[in-house]
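Participant: If you scroll down you'll find the structure; I have some questions about it.
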Amino acid sequence: MQPAPQDFGRVLSSMCTEPHPDAREAAERFLADNPGDPTTYPAVADLEREAVELLGEITGLDDPRGYVASGGTEANLQAVRAARNLSDSPDPNVVAPESAHFSFQKAADVLDVELRLAPTDGDRRVDVAEVRRLADEDTAVVVGVAGTTEYGRVDPIPALGDVASDVDALLHVDAAWGGFVLPFTDHEWNFAHAPVDTLAIDPHKMGRAPIPAGGFLARDEAVLDALAVETPYLESASQPTLTGTRSGAGVAGARAAIDAQWPEAYRENYERGQANAEWVADALASRGYDVVEPVLPLVAADVPRGEIEALQSAGWRVSPTAAGELRVVCMPHVTREMLESLVADLDAL
Ligand code: 0PR
Numbered sequence: 006m007q008p009a010p011q012d013f014g015r016v017l018s019s020m021c022t023e024p025h026p027d028a029r030e031a032a033e034r035f036l037a038d039n040p041g042d043p044t045t046y047p048a049v050a051d052l053e054r055e056a057v058e059l060l061g062e063i064t065g066l067d068d069p070r071g072y073v074a075s076g077g078t079e080a081n082l083q084a085v086r087a088a089r090n091l092s093d094s095p096d097p098n099v100v101a102p103e104s105a106h107f108s109f110q111k112a113a114d115v116l117d118v119e120l121r122l123a124p125t126d127g128d129r130r131v132d133v134a135e136v137r138r139l140a141d142e143d144t145a146v147v148v149g150v151a152g153t154t155e156y157g158r159v160d161p162i163p164a165l166g167d168v169a170s171d172v173d174a175l176l177h178v179d180a181a182w183g184g185f186v187l188p189f190t191d192h193e194w195n196f197a198h199a200p201v202d203t204l205a206i207d208p209h210k211m212g213r214a215p216i217p218a219g220g221f222l223a224r225d226e227a228v229l230d231a232l233a234v235e236t237p238y239l240e241s242a243s244q245p246t247l248t249g250t251r252s253g254a255g256v257a258g259a260r261a262a263i264d265a266q267w268p269e270a271y272r273e274n275y276e277r278g279q280a281n282a283e284w285v286a287d288a289l290a291s292r293g294y295d296v297v298e299p300v301l302p303l304v305a306a307d308v309p310r311g312e313i314e315a316l317q318s319a320g321w322r323v324s325p326t327a328a329g330e331l332r333v334v335c336m337p338h339v340t341r342e343m344l345e346s347l348v349a350d351l352d353a354l
């Protein structure tokens, strides 16, 4: 029997989802193309330019630089790498919220920079006063998260921009998950709202592109230059990406997903996801659980570990937060019926 891929019918804590049909088809067509060698594979290189252009539209940046990365981990690592390479400190550091994704720990380790984590406030957004206290003349980059992994919070990006410019550091925004829903909210999160230098936005999360499709964007060419190495035996002269050979499927899938959905279908995804998140938040609150209210389509609730384990045994793919809460990410595949069935299972426990 053929092994079957995961069915999404009970997947509630993942930040990936079912690809859009157009994206699936485009990915399959470009499986053998390598955007890492744009002169040999010019068609996929054109698609990548279009994808970056579209990502610029979504994030409020005309004439963006960047590329389709393998995911948010690579985009975050590249942001730290560019900042480190551009810094004149002998001992550069990164100041990030404690709510930042664990990819920053990998970046700090690989790049040998110090990672300083600032605590969050009562609403789980980074405390800007703490960021200011941690930042100094050796700070290469200040990080803000627009859509945190655990609670979907949006850090005060413009205020972080002020701190970054005061210490002459770059400002990086991790919108890997939030980037495809935030355009439909009034949060300040992107290049148009603050002096953001680099940004992560992943088509393979809320964008409904097939994996691997991350997005790394930069305001200035200097950032890409700081990442580029010479590639003498390829026809193209240099390469700013972290990986060499890359997925043509990722690039073509990302471009097709965005082309098919931006902006209207993404707006519908956001509205449906947000309504579902608010519905499940109310359902859990009315049953006496402490709920972290959703500011984006992501709910956490203080459901006892034993109940979470019972849901897992019933086939629900739910992973608790570090603090142990049940976490429901209202991705495009998550329907109201799924959530009703989850709540019914909780009631039956
Ligand atoms: N930045 C943020 C804000 C993220 O949430 C994530 C991943 C990353 C960066 C890193 O992105 P990549 O995993 O694409 O490199 N957030 C999810 C997490 O760690 C990733 C995930 C997705 C986990 C699907 C499980 C899953 O089934 O929880």
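The numbering of the sequence shown is the numbering used here, which starts it at 6 and goes up by one.
We put the beta carbon where it would ideally sit given N, CA and C, even for glycine.
Shorter than 7 Å, the distance from the beta carbon of A205 to the closest heavy atom of the ligand 0PR, or not?
Facilitator: A205 Cβ: within cutoff of the ligand 0PR.
Participant: Under DSSP, the alpha helix (DSSP H) around Y72 begins and ends at which residues?
Facilitator: Y72 -> not in any alpha helix (DSSP H); beta strand (DSSP E) instead, spanning R70 to A74.
Participant: When DSSP labels each residue in this structure, what does F221 get in the three-state scheme?
Facilitator: Residue state, collapsed to three classes: strand.
Participant: Taking just the CA atoms, how far does D114 sit from D67?
Facilitator: Spanning the two alpha carbons is a distance of roughly 33 Å.
Participant: Using the DSSP secondary-structure output, state which residues sit across from L122 in a beta bridge.
Facilitator: L122 is bridged to A101.
Participant: Consider the C-beta atom of C21 and the heavy atoms of the ligand 0PR; say whether any pair is separated by less than 7 Å.
Facilitator: Result yes, Cβ under 7 Å from the ligand 0PR.
Participant: With R332 as the anchor, note down where its beta strand (DSSP E) starts and where it stops.
Facilitator: Taken as a continuous stretch (DSSP letters only), the beta strand (DSSP E) holding R332 covers L331 to V334.
Participant: Any idea what DSSP makes of D179, helix, strand or coil?
Facilitator: In the structure shown, D179 sits in a strand (DSSP, three-state: E or B).
Participant: If I follow the unbroken beta strand (DSSP E) through L303, where does it start and stop?
Facilitator: First-last of the beta strand (DSSP E) with L303: L303 to A306.
Participant: At a threshold of 7 Å, does S108 count as lining the ligand 0PR (C-beta to nearest heavy atom)?
Facilitator: Within the cutoff, so yes.
Participant: Which residues in the same chain have their Cβ closer than 7 Å to the Cβ of V296, if we skip the five residues on either side of it in sequence?
Facilitator: Same-chain partners within the cutoff: A286, L289, A290, V304 and A306.
Participant: Compute every distance between the C-beta of N400 and the non-hydrogen atoms of the ligand 0PR, then say whether any falls below 7 Å.
Facilitator: Since the first residue of the chain shown is 6 and the last is 354, residue 400 is not available in this structure.
Participant: Within 7 Å: the Cβ of T78 and any heavy atom of the ligand 0PR?
Facilitator: Checking every heavy atom of the ligand 0PR against the Cβ of T78, one is found closer than 7 Å.
Participant: I'd like the span of the alpha helix (DSSP H) that includes V85, first residue to last.
Facilitator: Here the alpha helix (DSSP H) through V85 covers G77 to L91.
Participant: Whole alpha helix (DSSP H) runs in the stretch 208 to 272 with 4 or more residues, listed along the chain?
Facilitator: Runs of the alpha helix (DSSP H) inside the stretch 208 to 272: 226 to 232 and 253 to 266.
Participant: Excluding the five sequence neighbours on either side, which residues of its own chain have a C-beta within less than 6 Å of the C-beta of F13, listed in chain order?
Facilitator: Here the set comprises E23 and H338.
Participant: Quick check: does the Cβ of A242 come within less than 7 Å of any heavy atom belonging to the ligand 0PR?
Facilitator: Outside the cutoff, so no.
Participant: Mind checking V118: buried by the 16 CB within 10 Å criterion, or exposed?
Facilitator: Buried: at least 16 other Cβ atoms inside 10 Å.
Participant: Distance, Cα to Cα, Y238 vs G76?
Facilitator: C-alpha separation (whole angstroms): 27 Å.
Participant: Do the CB positions of N81 and A112 come within less than 8 Å of each other?
Facilitator: Yes.
Participant: Report yes if the C-beta distance between A31 and G258 is below 8 Å; otherwise report no.
Facilitator: In this structure, G258 lies closer than 8 Å to A31 by Cβ.
Participant: Using only the alpha-carbon positions, how far apart do V275 and P95 sit?
Facilitator: The sequence as given places Tyr at residue 275; Val does not occur at that position. Computed Cα separation, rounded: 44 Å.
Participant: What does the alpha-carbon distance come out to for the pair L344 and A199?
Facilitator: C-alpha separation (whole angstroms): 36 Å.
Participant: Which residues mark the beginning and the end of the alpha helix (DSSP H) in which V150 is found?
Facilitator: Not the alpha helix (DSSP H): V150 falls in the beta strand (DSSP E), residues T144 to V150.
Participant: Express the C-alpha separation of Q7 and V85 in angstroms, rounding to a whole number.
Facilitator: The straight-line gap from Cα to Cα measures roughly 42 Å.
Participant: Please tell me whether, using a cut-off of 7 Å, the distance from the CB of D114 to the nearest non-hydrogen atom of the ligand 0PR is below it.
Facilitator: Because no heavy atom of the ligand 0PR lies under 7 Å away, the Cβ of D114 does not count as near it: no.
Participant: So, using beta-carbon positions, are V100 and V136 closer together than 8 Å?
Facilitator: Closer than 8 Å, so yes.
Participant: Tell me whether A181 counts as near the ligand 0PR, meaning its Cβ is closer than 7 Å to at least one heavy atom of that ligand.
Facilitator: Yes - the ligand 0PR has a heavy atom lying nearer than 7 Å to the Cβ of A181.
Participant: Let me confirm a value: T45 is counted as buried when at least 16 other C-beta atoms fall within 10 Å, else exposed. Which label applies?
Facilitator: Result: exposed.
Participant: With distance defined between alpha-carbon atoms, name the residue in A9, F35, A327 and R15 nearest to R251.
Facilitator: Nearest C-alpha to R251: F35.
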